[in-house]
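Worksheet for the structure shown next.
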Amino acid sequence: MFRVSNRTGLAHGKTPDEVEAQLMRITPLKYLHGAHHWLILHGRYTCLARKPECPRCGIADLCTYSPKTRAIAPAKTSAASGAKSKKR
Ligand code: SF4
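For the sequence shown, our numbering begins at 1 and goes up steadily by one.
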């Protein structure tokens with residue numbers, strides 16, 4: 001929750017306690033239980049620590065993380081690029 005909250009801009013803080021306090025302030029009571037799980041699951045399956053999967057992220061339009069990752073472009077094959085293969 002600390003990483004995802006800081007990354008997305010949902011709550012900023014230098015410690016998990018600071019982030020938690022902000023989240024508690026801004027999260028409506030009826031979503032509190034769900035929000036806890038959603039943030040954990042989002043960090044586990046989409047907003048991964050080392051390489052967040054921004055191209056398939058459902059909240060990418062809301063997230064303030066500026067170095068968003070991009071989809072990996074398909075590798076060019078020699079046939080697709082029109083290059084002739086060299087035989088030796
Ligand atoms: S857009 Fe990227 S950095 Fe932002 S929440 Fe989604 S996966 Fe994480």
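Backbone N, C-alpha and C fix where the C-beta goes; we use that ideal spot for every residue, glycine too.
Item, Value
"Got a sec: does the ligand SF4 put a non-hydrogen atom nearer than 8 Å to the Cβ of P52?", "yes"
"Kindly indicate the opening and closing residues of the alpha helix (DSSP H) around D61.", "It is not in any alpha helix (DSSP H) - D61 carries neither H nor E in the DSSP assignment."
"Any contact between the segment 3–14 and the segment 36–43? By contact I mean 3 or more CB pairs, one from each, below 8 Å.", "yes"
"If you measure from the CB of I59, is any heavy atom of the ligand SF4 nearer than 8 Å?", "yes"
"On a Cα-Cα basis, can you pick out the residue from A11, K68, E53 and Y31 that is closest to L23?", "A11"
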